[in-house]
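In our numbering, the protein residues as written are 11 to 180. Where is the CB? At the ideal position from N, CA and C, for every residue including glycine. What follows is one structure encoded as structure tokens, with my remarks underneath.
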């Protein structure tokens, strides 16, 4: 089941996110976050009008997705960057694809024009998932990060969304 996240989901979201920080190169961060960090993150997303959705199975959150501004300048207001994370025990079951499809639908309904995915270059599963859903490769930043004793390349993929009917510059 895919649904809107609530504050009660934050301990699950935190566990999934921290596992990605500590054990993968999906997040270019070194230290686990606290529940206070996740509460601030949640409140900022809600305040800014961005969605947070979760995948739930047997009353347990097994994945989450969100999006936010791609860059802070006004001319980027129709471009967003998304994040999707699935609990390590629930990978390879299509959960990430379900979350991504839902976040794309929300983005289209919200009038955004471009969705960006920043993916670690070694994350072939994520790259394939994005390509299957129509994302196009748009570039690589070599040596974008350093983690686990090695340089990391950040690849960008983008999806053209419906966009607003009448874009404006204000």
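Residues near residue i by beta carbon distance below 6 Å, same chain, minus five either side
i, result
"residue 151", "164"
"residue 35", "130, 157, 162"
"residue 140", "127, 167"
Proximal residues to residue i (C-beta, below 8 Å), its chain only, five neighbours per side dropped
i, result
"residue 58", "78, 79"
"residue 49", "17, 20"
"residue 41", "31"
Straight-line gap, residue i to residue j (C-alpha atoms, nearest Å)
i, j, result
"residue 154", "residue 37", "12 Å"
"residue 46", "residue 125", "28 Å"
"residue 55", "residue 159", "32 Å"
"residue 66", "residue 19", "10 Å"
"residue 117", "residue 64", "16 Å"
"residue 87", "residue 25", "31 Å"
"residue 133", "residue 100", "17 Å"
"residue 68", "residue 180", "45 Å"
"residue 85", "residue 178", "9 Å"
Residues of its chain near residue i, where Cβ-Cβ distance is below 7 Å and the 5 sequence neighbours each way are ignored
i, result
"residue 52", "17, 20, 62"
"residue 148", "166, 167, 168"
Whole-angstrom C-beta distance between residue j and residue i, which should lie under 8 Å
i, j, result
"residue 168", "residue 145", "6 Å"
"residue 127", "residue 92", "6 Å"
"residue 95", "residue 22", "Wrong, their Cβ atoms sit about 11 Å apart, outside the cutoff."
Quiz item: Any chance the segment 166–179 sits against the segment 114–125, with 3 or more Cβ pairs inside 8 Å?
Solution: yes
Quiz prompt | Any 3 or more C-beta pairs closer than 8 Å across the segment 59–78 and the segment 101–109 | solution = yes
Quiz item: Quick one: complete alpha helix (DSSP H) runs, 4+ long, within the segment 120–179?
Solution: 134–142
Quiz item: Unbroken alpha helix (DSSP H) runs of length 4 or more, entirely within the segment 24–74: which are they?
Solution: 45–58
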